[in-house]
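In my numbering, the protein residues as written are 2 to 688. Yeah, the Cβ is synthetic: ideal placement off N, Cα and C, and Gly gets one too. All values reported here derive from a predicted model rather than from experimental measurement. These notes concern the structure reproduced below.
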Ligand code: ADP
Ligand code: MG
């Protein structure tokens, strides 16, 4: 693949075809011609160096503006050439461009690049020579609608400069929207263009003008490898019989740990070992063929080199699914890749599906299935966890035991040689036990296919994602202004947002979000919130966190305050957060909740924050929260701040899928993430 940069003149010519205004220009090779061109065009003019090696012309002293006469143009020509030579002695100089000087205007940038997973991406933001300093840009994955373009324009911090800041006249937003639309079309229709930036685009009170264009073309067209997708029947994940190939009696072996975790499996379990007749108390078979009954799933732990033969045997026996725990495949380089390809071909020949290789496999706690070597199997629950890292599964499972969090499924995707994230997503979407899905993602190959599938899944179940690695991949963006403004990580975040996936930054946040959203009411309808607490200090902190994470605390209308005045002490704060004071009893909470039930149209979610004390047991509060929850359509989010003394209440709520959190900042932050996903709320804490 070779890439080259078009000259600015070539860039202008393409943009003009897409109805994007650019200055008149002329290319000159000597001072005389420059002077002549300047006069003909009408001073003042701008002169710029033309060199394929000089990407940022200003840095090379290659741009001169405000050239007011013939004579000045003559001098400018020599100066620009001298500057360019001093900057890069080896640069090829193709002449100088003389162009009309555009009126000063608001300098914006429109850029585009090609993401290895998600394809063409468009960026927009504050332009000029200080773009890297400002970093005020937003991005979208193509294609985009006009509505999305309008939203993009409104999203940058500098948007007030467009609408008219401090008495300035508003600028031509309509033209801007139209130009961005045309730029998108230009990028989509020219498949060889892999990257570009128009910096700056000058925006006026009426109209606009692009005064620089850097366009990179490639001789190869970017294409994501699309894989043939054969759906996996859901029963494949609920085997009635499992064979462990490489089962071991030696506690230092992987085949021992896997067997050990499967001993609780209520179905048929068959150890396969060619040296022993009994493994961990069960009759062992020398090979899978010797098992006298059908096998629904085979877990393979033998060394990589033996895997093709074992998969061949499994296929011949008609095993529908194999879990290859063994490592030493694609992740080891070309030789490993070849071995993996062989295994895939063999399996395909028999219609056998593969989980892995190089994975922990699957845990389905409600069915007693655990093909992994985690120290202790997790508890059953309603969260499905799909992970590209095995180590993270070990950690999360261990941690979940102490946190009393259970799973419907835990799947380690491994090398995804056959089944991949998309298959697992489709499975957990159908799995009735799963109420929320968490994914830990390192990299996705086919971004468009991912978005298609996950958008659908996210409509029926909340999907939460943690994406690791904010570093940039691929060299396509390396030379770019815009490339450094938005990395691959930002593209993932945008893909998640567009697909309805909640993006979080930490594992703890992921589980909080999953627990919050596993409730049947799922998302709040809007951003309006009330806070009810018996702790004055937490009332203040709640206001701080709400502001930081983009949650709108409503002002209570007069009539609501009057209704509350009826039974609250005279000196209550008469505002939101509603501080019921430290001596608040069950009755006081109940009456307050009643007022909020009655005025349910004023708010979308209620944060209930309490601390342990002697006038209110956690049980009493939980009882009132449950009553409140039954009588409102809105979302309740409970934070019980204290130690074990609150456990009775916490358990009561949990039984009704109302999680109670124990850290206030996190509670607001996670809800803020949810709102960001839904409404693109901008808040300082969500950056
Ligand atoms: P660079 O390669 O450094 O980005 P540009 O072509 O963008 O070079 O020129 C640098 C700056 O000069 C621009 O940001 C813009 O402010 C100004 N400029 C360039 N061309 C024109 C023009 N035709 N009219 C007015 N100003 C211009
Ligand atoms: Mg520029």
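Secondary structure, alpha helix (DSSP H): runs of 4+ residues fully inside the stretch 170-219: The alpha helix (DSSP H) runs of length 4 or more contained entirely in the stretch 170-219 are, from start to end of the chain, 174-190.
Mind pulling the alpha helix (DSSP H) runs of 4 or more residues that sit fully within the stretch 614-652? Taken in chain order, the complete alpha helix (DSSP H) segments of 4 or more residues contained in the stretch 614-652 are 619-632.
What is the residue span of the alpha helix (DSSP H) that residue 670 lies within? For the purposes of this step, residue 670 is taken as residue 669 along the chain shown, with counting starting at 1. It spans 665-680 - the alpha helix (DSSP H) in which residue 670 sits, taken as one unbroken run.
DSSP three-state assignment for residue 516, whether helix, strand or coil: Residue 516 sits at position 515 when you count from the first residue of the chain shown. If DSSP states are grouped into helix, strand and coil, residue 516 belongs with the helices.
What's the C-alpha gap between residue 81 and residue 450? In the chain shown, counting from the first residue as 1, residue 81 sits at position 80. In the chain shown, counting from the first residue as 1, residue 450 sits at position 449. The straight-line gap separating the alpha-carbon atoms of residue 81 and residue 450 is approximately 49 Å.
For the ligand ADP, any of its heavy atoms closer than 6 Å to the Cβ of residue 660? Position 659 of the chain shown, counting from 1, holds the residue named residue 660. No; taking the cut-off as 6 Å, the Cβ of residue 660 has no heavy atom of the ligand ADP nearer than that.
Buried or exposed: residue 108, going by 16 or more other Cβ atoms within 10 Å of its Cβ? Walking along the chain shown from the start, residue 108 turns up at place 107. Buried is the call here.
Nearest to residue 78 by alpha carbon, out of 39, 103, 104? For the purposes of this step, residue 78 is taken as the residue at position 77 of the chain shown. From the listed residues 39, 103, 104, the smallest Cα separation to residue 78 is found for 39.
To the nearest angstrom, how far is it from the Cα of residue 214 to the Cα of residue 55? To locate residue 214, count along the chain shown from 1; it is residue 213. To locate residue 55, count along the chain shown from 1; it is residue 54. Their Cα atoms are separated by approximately 13 Å.
Residue 680 classed as buried or exposed, judged by whether at least 16 other C-beta atoms fall within 10 angstroms: As a working mapping, residue 680 is identified with position 679 in the chain shown. It is exposed - the Cβ of residue 680 has fewer than 16 other Cβ atoms within 10 Å.
Alpha carbon to alpha carbon, how far is residue 497 from residue 656? Give it in angstroms, no decimals. Within the chain shown, residue 656 is the residue found at index 655, counting from 1. Within the chain shown, residue 497 is the residue found at index 496, counting from 1. For residue 656 and residue 497, the distance between alpha carbons rounds to 31 Å.
Just to confirm, is the Cβ distance from residue 606 to residue 525 under 7 Å? For the purposes of this step, residue 606 is taken as the residue at position 605 of the chain shown. For the purposes of this step, residue 525 is taken as the residue at position 524 of the chain shown. Cβ distance < 7 Å, so residue 606 and residue 525 count as in contact.
Could you please give the first and the last residue of the uninterrupted alpha helix (DSSP H) stretch that includes residue 498? As a working note, residue 498 is residue 497 in the chain shown. Bounds of the alpha helix (DSSP H) holding residue 498 are 489-500.
Every unbroken beta strand (DSSP E) within the stretch 374-422, with a cutoff of 3 residues, ordered by chain: Runs of the beta strand (DSSP E) spanning 3 or more residues and lying entirely within the stretch 374-422 occur at 380-388, 407-413, in chain order.
So what does DSSP say about residue 28, is it helix, strand or coil? Position 27 of the chain shown, counting from 1, holds the residue named residue 28. DSSP places residue 28 in the strand class (E or B) of the three-state scheme.
Suppose the cutoff is 8 Å on Cβ atoms and the five residues either side in sequence are ignored; what does the same chain contact list for residue 759 look like? Residue 759 lies beyond the residue range present for the chain, which begins at 2 and ends at 688; the question has no answer from this structure.
Which class does residue 164 belong to by DSSP, given the choice of helix, strand or coil? For this step, residue 164 is matched to residue 163 along the chain shown. Note: residue 164 maps to helix in three-state DSSP.
Determine the DSSP secondary structure at residue 8, reduced to helix, strand or coil. Here residue 8 corresponds to residue number 7 of the chain shown, with the count starting at 1. It is coil, neither helix nor strand.
Whole angstroms are fine: how far does the CA of residue 551 sit from the CA of residue 137? Locating residue 137 in the chain shown gives position 136, where the first residue counts as 1. Locating residue 551 in the chain shown gives position 550, where the first residue counts as 1. Per the coordinates, the alpha-carbon of residue 137 lies some 19 Å from the alpha-carbon of residue 551.
Classify residue 284 as helix, strand or coil using the three-state DSSP reduction. In the chain shown, the residue the question calls residue 284 occupies position 283. Note: residue 284 maps to strand in three-state DSSP.
Any heavy atom of the ligand SAH closer than 6 Å to the beta-carbon of residue 213? As for the ligand SAH, it is missing from this structure, which binds only the ligand ADP and the ligand MG.
Which full runs of the beta strand (DSSP E) of 3+ residues lie inside the stretch 267-316, going along the chain? Runs found: 269-273, 298-301.
Spatial distance of residue 565 from residue 664 (CA atoms): For the purposes of this step, residue 565 is taken as residue 564 along the chain shown, with counting starting at 1. For the purposes of this step, residue 664 is taken as residue 663 along the chain shown, with counting starting at 1. Answer to the nearest angstrom: the Cα atoms are 28 Å apart.
The ligand ADP and residue 27: does the residue's C-beta get closer than 6 Å to at least one heavy atom of that ligand? As a position in the chain shown, residue 27 is number 26, starting the count at 1. In terms of side-chain proximity, the C-beta atom of residue 27 is found no nearer than 6 Å to any non-hydrogen atom of the ligand ADP.
For the ligand ADP, is there any heavy atom lying closer than 6 Å to the beta carbon of residue 102? Against the chain shown, residue 102 aligns to sequence position 101. True, at least one ligand heavy atom lies under 6 Å from that Cβ.
Give me the Cα-Cα distance between residue 668 and residue 629, rounded to the nearest whole angstrom. By one-based count along the chain shown, residue 668 stands at place 667. By one-based count along the chain shown, residue 629 stands at place 628. Here the alpha carbons of residue 629 and residue 668 stand approximately 19 Å from one another.
Going residue by residue through the stretch 99-143, where are the continuous beta strand (DSSP E) segments of at least 3 residues, counting only ones entirely within it? 107-116, 120-127, 138-142, all fully within the stretch 99-143.
Neighbourhood of residue 322 by C-beta distance below 6 Å, restricted to the same chain and skipping five residues each side: Start at 1 with the first residue of the chain shown, and residue 322 comes out as number 321. Beyond the five residues adjoining it in sequence on each side, residue 322 comes within less than 6 Å, by CB distance, of 237, 298, 354 in the same chain, given in chain order.
Residue 361, DSSP secondary structure in three states: In the chain shown, counting from the first residue as 1, residue 361 sits at position 360. Coil.
Who are the Cβ neighbours of residue 474 in its own chain at under 8 Å, not counting the five residues just before and after it? Position 473 of the chain shown holds residue 474. At residue 474 the pLDDT is 46, less than 50, meaning the model places this residue with poor confidence; the figure from the coordinates comes in the next sentence. Excluding residues within five positions, the ones whose Cβ falls inside 8 Å are 117, 444, 489.
Nearer than 6 Å: is that true of the beta carbon of residue 23 relative to any heavy atom of the ligand ADP? As a working note, residue 23 is residue 22 in the chain shown. Flag unset: Cβ of residue 23 not near the ligand ADP.
Would you identify the three-state DSSP class for residue 478, choosing helix, strand or coil? On the chain shown, residue 478 is found 477 positions in, with the first residue counted as 1. Per-residue confidence for residue 478 stands at a pLDDT of 35, beneath the threshold of 50, marking its modelled position as unreliable; the derived number appears in the next sentence. In the structure shown, the three-state DSSP call for residue 478 is coil.
Alpha carbon to alpha carbon, how far is residue 478 from residue 495? Counting from 1 along the chain shown, the entry for residue 478 is found at position 477. Counting from 1 along the chain shown, the entry for residue 495 is found at position 494. At residue 478, the pLDDT of 35 sits below 50, so the modelled position is not reliable and the matter cannot be decided from this model.
Output the boundary residues of the beta strand (DSSP E) element that contains residue 441. As a first step, residue 441 must be located in the chain shown, where it is residue number 440. Segment 437-442, the beta strand (DSSP E) holding residue 441.
I think residue 273 touches residue 257, with their Cβ atoms under 8 Å apart; what is that distance to the nearest whole Å? Numbered from its first residue, the chain shown carries residue 273 at position 272. Numbered from its first residue, the chain shown carries residue 257 at position 256. Contact doesn't hold; Cβ gap of about 13 Å is too wide.
Using the DSSP secondary-structure output, state which residues sit across from residue 611 in a beta bridge. Here residue 611 corresponds to residue number 610 of the chain shown, with the count starting at 1. BP columns for residue 611 point to 641.
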